Each structure stands twice: as C-alpha cells, then as structure tokens.
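Please read the structure below before turning to the comments.
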Amino acid sequence: MTQRRLESGGMASCVARHSPRGIFAPGDFAGCRRSTAAARTGYAGGRNYTSVISCDLRYKAGSRIKVRTMTAIPSEQTPADGPQSQDLFRPSFLTGALWAGLASLVTLSIGFGSMAGPTAFAPADWYAHEGLYGYLAAIITGFCLGAAPLSGTKPVVLMLAWLAGRVAILASGTIGAVVAGGIDSVFLLLAAAIVARMALADRGLLPQAGVLVAMAAGNVVFHLGMPGLGTRIGIAAVVLLVTLVSGRPIGPGTEAVPAAGRNLVDIATLAVSAAALLVWIVLPGTLVTGILMLVGGLAQVLRLIGWVRSRTQGTLMLIQQLAYGLIPLGFLALASAAFRHEQPGPANVRAWLIAAIAILTLAMVTHMDLGRDKPTGTLRMTAIVIYAAVAAVFVLRLLNGWLPILAPIAGVAWMVAFVVFVLGYLPLLARPRTEAP
Numbered sequence: 000m001t002q003r004r005l006e007s008g009g010m011a012s013c014v015a016r017h018s019p020r021g022i023f024a025p026g027d028f029a030g031c032r033r034s035t036a037a038a039r040t041g042y043a044g045g046r047n048y049t050s051v052i053s054c055d056l057r058y059k060a061g062s063r064i065k066v067r068t069m070t071a072i073p074s075e076q077t078p079a080d081g082p083q084s085q086d087l088f089r090p091s092f093l094t095g096a097l098w099a100g101l102a103s104l105v106t107l108s109i110g111f112g113s114m115a116g117p118t119a120f121a122p123a124d125w126y127a128h129e130g131l132y133g134y135l136a137a138i139i140t141g142f143c144l145g146a147a148p149l150s151g152t153k154p155v156v157l158m159l160a161w162l163a164g165r166v167a168i169l170a171s172g173t174i175g176a177v178v179a180g181g182i183d184s185v186f187l188l189l190a191a192a193i194v195a196r197m198a199l200a201d202r203g204l205l206p207q208a209g210v211l212v213a214m215a216a217g218n219v220v221f222h223l224g225m226p227g228l229g230t231r232i233g234i235a236a237v238v239l240l241v242t243l244v245s246g247r248p249i250g251p252g253t254e255a256v257p258a259a260g261r262n263l264v265d266i267a268t269l270a271v272s273a274a275a276l277l278v279w280i281v282l283p284g285t286l287v288t289g290i291l292m293l294v295g296g297l298a299q300v301l302r303l304i305g306w307v308r309s310r311t312q313g314t315l316m317l318i319q320q321l322a323y324g325l326i327p328l329g330f331l332a333l334a335s336a337a338f339r340h341e342q343p344g345p346a347n348v349r350a351w352l353i354a355a356i357a358i359l360t361l362a363m364v365t366h367m368d369l370g371r372d373k374p375t376g377t378l379r380m381t382a383i384v385i386y387a388a389v390a391a392v393f394v395l396r397l398l399n400g401w402l403p404i405l406a407p408i409a410g411v412a413w414m415v416a417f418v419v420f421v422l423g424y425l426p427l428l429a430r431p432r433t434e435a436p
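Read in order, the letters of the sequence shown correspond to residues 0 to 436 in numbering that gives the first Met the number 0.
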C-alpha cells in the first residue's frame with residue numbers, strides 16, 4: 000500500500016491509500032460517499048484548510064479505497080486576525096542565526112580584551128546560555144509553533160519576549176542578574192504554555208510541548224544559580240528533539256531496512272536515549288550513566304546505519320546523515336567519561352552540541368526552503384560554506400584541549416557560518432511562503 004496525492008480540481012486535494020499501480024485520475028471513481036466529517040480549521044503544506052472529510056471512494060473496478068480530502072480556504076477568505084505563526088516564525092530562524100553570530104563576536108571581543116563584558120555572567124556561561132537558550136530557543140520555538148499555527152498577536156508577543164530576553168541578558172551587568180533572568184524566562188515559559196495547551200487538543204504536539212517545557216525549566220534552573228544543571232537540561236531536551244525529528248528529513252525513502260524494523264529501531268533508540276539523557280542530567284559521571292550512554296550511542300549507530308544503507312536524496316540528505324553521526328559520537332564520549340568517573344570537559348560537550356545541533360538545524364532550514372520543492376536537495380554554494388564552517392568548529396573545539404589558541408579560530412568559524420546563513424537565506428526566509436509545496 001502506498002500513499003499518493005490526487006488533485007480533484009479547484010482548491011481540493013485528496014490523499015488516497017491504494018495499490019501501487021499508478022495515480023488514479025478523478026474520473027476513475029464512480030462516486031464519493033461522505034462517511035465522516037469534521038469541521039475544523041488547520042494548516043497543511045503552506046495553505047489554510049477547513050472541512051476535513053473522510054470518504055469512501057468506489058473505484059470503477061469495484062475496489063474501495065479510503066480518501067481524506069481537505070478543502071482549502073481561498074486567500075481572500077482567510078481570517079484577517081493577525082499574522083500566522085508559519086509566516087512570522089520563518090524569520091525566527093534568521094534572528095536566531097544572526098544572534099548566534101553576534102554572540103560569538105561579543106565573546107571574542109571580551110576574550111581579546113577589546114571590550115568589557117556588559118553581562119553579570121562569566122563569558123563562558125553567557126556564551127553557553129545564549130547559544131542554548133538564545134539561538135536554539137528561537138529555532139526550536141519556530142519549529143514547534145510551525146506545527147501549531149498561531150494567529151493574532153501571540154507570535155508578535157513571543158518574538159518581542161525573545162528580543163527582550165537577549166537585551167536583558169546582555170545588559171545584566173547593569174540591571175542585575177535576577178531581573179535579567181526574570182525577563183529572559185518569559186519567552187520560553189510563554190511558548191511552552193501555548194504549545195502545551197494546544198497539545199491537550201492535539202496529541203501530535205506532545206513531543207514539541209515536552210521539549211519546550213524542559214527548555215523552559217532548564218532556563219529557570221540556570222538563572223537560579225545552577226548553570227551546569229540548567230545547561231544539561233537544555234542540551235538533553237535539544238538532543239532528544241533532534242533524535243525524534245531527524246527520522247523525518249533523514250529517514251524517509253529508506254528501503255534497505257523494512258518499515259517494521261525501522262519503527263522498532265526508532266522506538267528503541269528514542270527510549271534508550273531518553274533514559275540515558277535523563278540519568279545524565281541528574282547523575283553525570285556515574286557508572287549507570289555510562290552504561291545507558293553506551294547503549295544509547297550503539298542504538299543511535301544502528302539507526303544511522305539503516306539510513307546510510309538506504310537510497311539517499313542528494314547532497315542535503317548526505318550532510319544531514321553525516322551531521323547526525325555526531326549524535327552517537329556524543330553519547331559514546333559521555334559514556335567514556337562516565338566510565339572514568341570524570342565530568343566531560345566543557346569543550347567536548349560544546350563540540351557535540353555545536354556541531355550536531357547547528358548542522359542539523361541549518362540542514363532542516365535549507366531542507367524546508369531548497370529541498371521541499373526539489374527532492375534532490377540541490378544546495379547553493381552558500382550552504383556548502385555554512386556546513387564546512389560548522390564542521391571546522393567541531394574539529395577545532397575537539398583540538399582546543401591541546402591547542403588553546405584554536406578557540407578564537409573556532410569562534411570566528413562559528414560566526415562566519417551564521418552570518419553567511421543570514422545573508423544567503425534572507426530572501427527565502429524573510430518572505431511569507433505562499434506557494435504550495
């Protein structure tokens with residue numbers, strides 16, 4: 000059984016499940032009987048839809064198939080109650096990437112002594128916080144709310160709260176760490192509350208809600224004077240989200256491993272990884288953490304092997320797979336540190352987070368805007384520069400323990416990656432998507 004898209008004319012489309020003998024034409028059906036209907040308004044593929052209807056279609060040969068139709072609202076009928084989150088949060092990828100580059104520039108300036116630190120936090124803590132709860136918070140919130148459409152003033156309020164948090168943390172040396180922490184916490188708390196409320200009606204949003212709740216909690220813990228614990232909570236939430244969603248852009252099209260086998264491997268990998276990350280948050284450097292991290296890393300490797308053996312879809316898919324390979328490497332590195340009863344070095348954890356998460360988030364953004372309409376995933380030269388720069392950051396961070404002089408070079412490469420991203424993808428991400436996928 001396969002799934003195909005049928006165009007029945009006008010603004011209606013059907014998704015039919017049928018035998019793989021070809022795409023049915025609308026005239027092939029003897030008629031449509033409306034069996035169930037649900038009047039609802041939703042979002043799918045860049046268009047606003049309403050009146051989702053499930054119906055049985057009787058094919059001429061006598062076979063019956065199930066079809067789900069979605070009748071679209073014309074643009075002139077779309078409620079004009081404010082910007083949609085899909086349109087507004089596309090720039091969140093740009094603002095998050097721009098902030099990542101600026102944070103690196105500020106950190107380099109402080110490190111070289113060309114400017115005084117304006118924050119109340121140590122430069123390393125500030126840089127880690129802004130990379131995790133500044134840059135990644137914007138990217139992940141945009142991703143999560145892209146699956147949970149908002150309208151009205153909520154997207155605008157969220158974006159302003161994010162900007163206020165960045166300014167407050169940067170000026171925390173003047174306004175105080177407590178005030179800055181309170182202002183900064185508003186953004187993720189609001190985003191988590193919005194998505195959690197939506198998840199009560201749509202269980203498909205539970206993973207997104209869980210990640211945002213965890214990140215909001217980690218940010219609060221960070222500001223309560225426990226930056227190590229707060230950072231681990233945020234990293235664990237992000238890595239788990241990457242593990243969850245990476246099966247979508249990377250895994251589809253996999254034919255080397257049967258679907259049932261892939262599902263079993265995915266479920267087992269997610270379960271073991273979640274358990275390992277949870278224990279790592281509370282008990283880093285213990286034997287139990289090492290065992291779970293080792294099992295989680297091996298499960299991640301097995302999952303990746305199933306994808307690599309499949310038919311990939313061009314350079315973009317290859318980059319995503321290579322980037323995902325850094326996830327199991329991170330698990331195995333943490334397992335090695337735990338077996339030696341050592342805390343993993345900040346450089347190792349940061350290299351894992353920076354390289355894997357940055358490449359994957361950038362790859363997902365370029366996948367949305369370059370690969371969505373071109374399954375081969377054609378990349379621009381700017382994308383090659385971005386991925387090469389982030390890969391250089393990973394290598395330089397790992398070598399930083401032996402050659403400390405490489406740290407500022409890694410910062411420059413990190414800044415270059417995101418500045419090039421902003422300049423290269425500004426025309427694509429700054430405008431609302433109006434075309435159909």
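We put the beta carbon where it would ideally sit given N, CA and C, even for glycine. Just so we're clear, the structure is a prediction, and the values are computed from it rather than from any experiment.
ASP183 is classed as buried because its beta carbon has at least 16 other beta carbons within 10 Å across all chains shown.
Within the model, the alpha-carbon separation for ALA136 versus ALA322 is close to 20 Å.
Counting C-beta atoms within 10 angstroms of its own C-beta, LEU282 has fewer than 16 neighbours from the protein chains shown and is therefore classed as exposed. In this structure, the beta-carbon distance from ILE168 to THR94 does not fall below 8 Å. For ASN218, the uninterrupted alpha helix (DSSP H) segment begins and ends at 205-222. In the three-state reduction of the DSSP assignment, ASP124 falls in the helix class.
The shortest CA-to-CA distance from ASP265 to any of LEU293, ILE234, VAL278, VAL300 is the one to VAL300. Using a Cβ distance threshold of 8 Å, ALA388 and VAL421 do not count as a contacting pair. Taken in chain order, the complete alpha helix (DSSP H) segments of 4 residues or longer contained in the segment 158-207 are 171-174, 176-200. At least 8 Å separates the beta-carbon of ILE304 from that of VAL241. The beta carbon of VAL278 sits closer than 8 Å to the beta carbons of THR285, VAL287, THR288, LEU291 from its chain, once the five residues preceding and following it are set aside; these are given in chain order. Under the three-state reduction of DSSP, MET225 is assigned to coil, being neither helix nor strand. Inter-residue distance for ALA176 and ALA160 is about 17 Å (C-alpha atoms, whole angstroms). As the crow flies, the alpha-carbon of ALA121 is around 10 Å from that of ALA127.
Contact between VAL220 and LEU228 holds, since their C-beta atoms are separated by about 5 Å, short of 8 Å. By a beta-carbon distance limit of 8 Å, ALA337 does not contact LEU276. Their separation comes to about 13 Å.
Residue VAL418 holds the alpha-carbon nearest to the alpha-carbon of VAL384 among PRO407, VAL418, GLY141, GLY233.
Sixteen is the threshold: when 16 or more other Cβ atoms of the shown chains lie within 10 Å of the Cβ of ARG302, as they do, the residue is buried. Judged by DSSP in its simplified three-state form, ALA119 adopts coil rather than helix or strand. DSSP places SER272 within a helical segment (H, G or I) once states are collapsed to three. In the DSSP annotation of this structure, the continuous segment of the alpha helix (DSSP H) that includes GLY289 starts and ends at 286-307. In the DSSP annotation of this structure, the continuous segment of the alpha helix (DSSP H) that includes PRO327 starts and ends at 325-338. Across the structure, VAL244 and PHE142 are spaced so that their CA atoms are roughly 10 Å apart.
Counting only the Cα atoms, PRO426 lies some 36 Å from LEU398.
Under the three-state reduction of DSSP output, ASN399 falls in the coil class, being neither helix nor strand. With 16 or more other CB atoms across the displayed protein chains lying within 10 angstroms of its CB, GLY133 is buried.
Taking C-alpha positions only, GLY224 is separated from ALA298 by approximately 35 Å. Distances from the alpha-carbon of ARG165 to those of LEU187, ALA208, LEU144 put LEU187 closest.
Going by beta carbons, ALA208 and ILE232 fall outside the 8 Å limit.
In this structure, the alpha-carbon of ILE174 lies about 43 Å from that of ALA270.
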